[in-house]
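K.L.:
Can you keep this structure in mind? I'll have questions shortly.
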Amino acid sequence: MTFLDMLRGAERQNRSLLCVGLDPDPGKFPAGMKGDASRIYDFCAAIVEATADLVIAFKPQIAYFAAHRAEDQLERLMAHMRAVAPHVPVILDAKRGDIGSTAEQYAIEAFERYGADAVTLSPFMGFDSVQPYLKYQGKGAFLLCRTSNPGGDDLQNQHLASVDGLPRVYEHIARLAQGPWNLNGQLGLVVGATYPAEIERVRELAPTLPLLIPGVGAQGGDAVATIRAGYRAASGNTTGPVIVNSSRAVLYASPGDDFAAAARREAERTRALLDSAKAG
Ligand SMILES: O=c1ccn([C@@H]2O[C@H](COP(=O)(O)O)[C@@H](O)[C@H]2O)c(=O)[nH]1
2 MTFLDMLRGA ERQNRSLLCV GLDPDPGKFP AGMKGDASRI YDFCAAIVEA
52 TADLVIAFKP QIAYFAAHRA EDQLERLMAH MRAVAPHVPV ILDAKRGDIG
102 STAEQYAIEA FERYGADAVT LSPFMGFDSV QPYLKYQGKG AFLLCRTSNP
152 GGDDLQNQHL ASVDGLPRVY EHIARLAQGP WNLNGQLGLV VGATYPAEIE
202 RVRELAPTLP LLIPGVGAQG GDAVATIRAG YRAASGNTTG PVIVNSSRAV
252 LYASPGDDFA AAARREAERT RALLDSAKAG
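Structure (structure tokens):
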């Protein structure tokens, strides 16, 4: 089954557009675990178990594991997600981007070592830096397009004088991903919930691509505006799904031992908000 099939299946089965991001920070764990990096797996596994029926995807952010020498815990977590939620795709947020030979190694890391269904990539180094990931049939690759941080303006919002129509960089990325770069229909785009107008523009330029949209919750992105800008009711397989990520707001909904139950409540609340915005 391809990443896109899984995504559509999880959206249907869990009636959700919410992706729970797994950004484990031991400094924010509840009292019994606080500061203990050896409990990263336990913390994330509890979140996964509490939200497995509420999400369209999970998105572990690799930096939060690597920074604590916890790659082995990420491997265990990937296996756990497969066991607890086999219908939910996992997007490894790695933001890789390097020359082809190195990209081949990063692709092995994402798809063979961790068994991810999709990965996030920087398109900055061009198509040959993306191509190695596309050799993995059915796997997804999300290119950073219009990111959620204010500094995204520094490059992504600049005009490209060398391209017809003087598009902004993020518009050019969207066109490449919808068109010539998308050899086997594996590409998607990352667009920040903090910029609904740009989500709308990207949706216009890339109508069939899945959009991974971080920035609701802790970054203050507007969930309702996000859905209005990026969600289009499905017509067959030609409409690109939207995947709205929230990490810290879900993970740290309570500082106490009830963190998993609180995460579930926050995930339910966000899922309902996204769902209600589809109607409006
Ligand atoms: O443009 C981007 C691309 C990726 N991210 C990642 O998403 C989560 C957001 O976490 P929150 O706690 O919900 O703010 C995090 O892993 C980022 O690395 C992003 O925020 N913006």
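Note that the sequence shown ends on residue 281 in the working numbering; no numbers are left out. Positions of the beta carbon are idealized from the N, C-alpha and C atoms, including for glycine. No experiment lies behind these values; they were computed from the predicted model shown.
So ASP94 packs on THR121, CB below 8 Å; how close in whole Å?
P.N.:
Confirmed, about 5 Å.
K.L.:
Which runs of the alpha helix (DSSP H) spanning at least 4 residues fall entirely within the region 227-262, listed in chain order?
P.N.:
Fully enclosed alpha helix (DSSP H) runs of 4 or longer: 249-252.
K.L.:
Roughly how many whole angstroms lie between the Cα atoms of ASP26 and ARG70?
P.N.:
Looking at the two C-alpha atoms, the distance is approximately 13 Å.
K.L.:
Can you find the residues in the same chain that come closer than 7 Å, C-beta to C-beta, to LEU184, ignoring five residues on each side of it along the sequence?
P.N.:
Closer than 7 Å at the Cβ level, and outside the excluded window around LEU184, lie LEU135.
K.L.:
Count the other C-beta atoms from every protein chain shown that fall within 10 angstroms of the C-beta of PRO181, then say buried if there are 16 or more, exposed otherwise.
P.N.:
With fewer than 16 Cβ atoms within 10 Å of its Cβ, PRO181 is classed as exposed.
K.L.:
Touching or not, the region 241-253 and the region 11-25, by the rule of three or more beta carbon pairs under 8 Å?
P.N.:
Because the criterion of three Cβ pairs below 8 Å is met, the region 241-253 and the region 11-25 touch.
K.L.:
Does any CB atom of chain D fall closer than 7 Å to the CB of VAL203?
P.N.:
Protein chain content of the structure displayed is limited to a single chain, and chain D is not contained in it.
K.L.:
Which residues in the same chain as GLN159 place their Cβ atom closer than 7 Å to its Cβ, once the five residues preceding and following it in sequence are excluded?
P.N.:
Cβ within range, chain order: ARG169, VAL170.
K.L.:
Identify which residue in GLY33, LEU206, TYR65 has its Cα closest to the Cα of PRO256.
P.N.:
The option with the nearest alpha carbon to PRO256 is GLY33.
K.L.:
Is it right to say GLY189 is buried, meaning 16 or more other beta carbons lie within 10 angstroms of its own, or is it exposed?
P.N.:
Buried, by the Cβ-count rule.
K.L.:
Does the beta-carbon of VAL56, which I'm using as the reference point, lie nearer than 6 Å to any heavy atom of ligand 1?
P.N.:
No, the Cβ of VAL56 stays beyond 6 Å of every heavy atom of ligand 1.
K.L.:
Does the beta-carbon distance from THR271 to LEU19 come in below 7 Å?
P.N.:
Taking 7 Å as the Cβ cut-off, THR271 and LEU19 qualify as a contacting pair.
K.L.:
Roughly how many angstroms separate the alpha carbons of GLN157 and LYS96, rounded to a whole number?
P.N.:
About 16 Å.
K.L.:
Within 10 angstroms of the Cβ of LYS35, are there 16 or more other Cβ atoms? Answer buried if so, exposed if not.
P.N.:
With fewer than 16 other Cβ atoms within 10 Å, it is exposed.
K.L.:
Check whether the Cβ of ALA24 sits closer than 6 Å to any heavy atom of ligand 1, and report yes or no.
P.N.:
Looking at the sequence itself, residue 24 is Asp, so the reference to Ala does not match. ASP24: yes, Cβ under 6 Å from ligand 1.
K.L.:
Please state whether the Cβ-Cβ distance between PRO215 and PRO242 is less than 7 Å.
P.N.:
No, the pair does not count as a contact, with Cβ atoms beyond the cut-off.
K.L.:
Cα separation between GLY218 and GLY166?
P.N.:
Those two C-alpha atoms are separated by around 35 Å.
K.L.:
Alpha carbon to alpha carbon, how far is PHE4 from GLY141?
P.N.:
Using only the alpha carbons, I get a separation of about 6 Å.
K.L.:
Which same chain residues, not among the five before or five after VAL225, have their C-beta less than 6 Å away from its C-beta?
P.N.:
Closer than 6 Å at the Cβ level, and outside the excluded window around VAL225, lie ALA278.
K.L.:
Can you list, in chain order, the stretches of the alpha helix (DSSP H) that have 4 or more residues and sit fully within the region 21-59?
P.N.:
Here the runs fully enclosed are 41-52.
K.L.:
Counting only the same chain and skipping the five closest in sequence on each side, list residues whose C-beta sits under 7 Å from that of ALA111.
P.N.:
Within the same chain, ALA111 has close Cβ partners LEU93, ALA95, ALA117, VAL120.
K.L.:
Any contact of the region 77-93 with the region 53-63, i.e. 3+ C-beta pairs under 8 Å?
P.N.:
As far as the Cβ criterion goes, the region 77-93 touches the region 53-63, which means the pair count is three or higher.
K.L.:
Is SER247 a contact residue of ligand 1, with contact defined as CB to any heavy atom under 6 Å?
P.N.:
True, at least one ligand heavy atom lies under 6 Å from that Cβ.
K.L.:
Terminal residues of the continuous beta strand (DSSP E) containing GLY189?
P.N.:
188-192 is the extent of the beta strand (DSSP E) around GLY189.
K.L.:
When the Cα atoms are used, what is the spatial distance from GLY152 to ALA108?
P.N.:
Near 27 Å, if we compare the C-alpha coordinates of ALA108 and GLY152.
K.L.:
From GLY221, THR239, SER102, GLN132, pick the residue whose C-alpha is nearest to that of PRO208; which is it?
P.N.:
PRO208 has its Cα closest to that of THR239, out of GLY221, THR239, SER102, GLN132.
K.L.:
Helix, strand or coil for PHE128, going by three-state DSSP, please let me know.
P.N.:
Helix at PHE128.
K.L.:
Please go through the region 102-186 and give each complete beta strand (DSSP E) segment of 3 or more residues, from N-terminal end onward.
P.N.:
119-122, 141-147, all fully within the region 102-186.
K.L.:
Have a look at ALA268 and SER163 and give me their C-alpha separation to the nearest angstrom.
P.N.:
Their backbone Cα atoms lie some 44 Å apart in a straight line.
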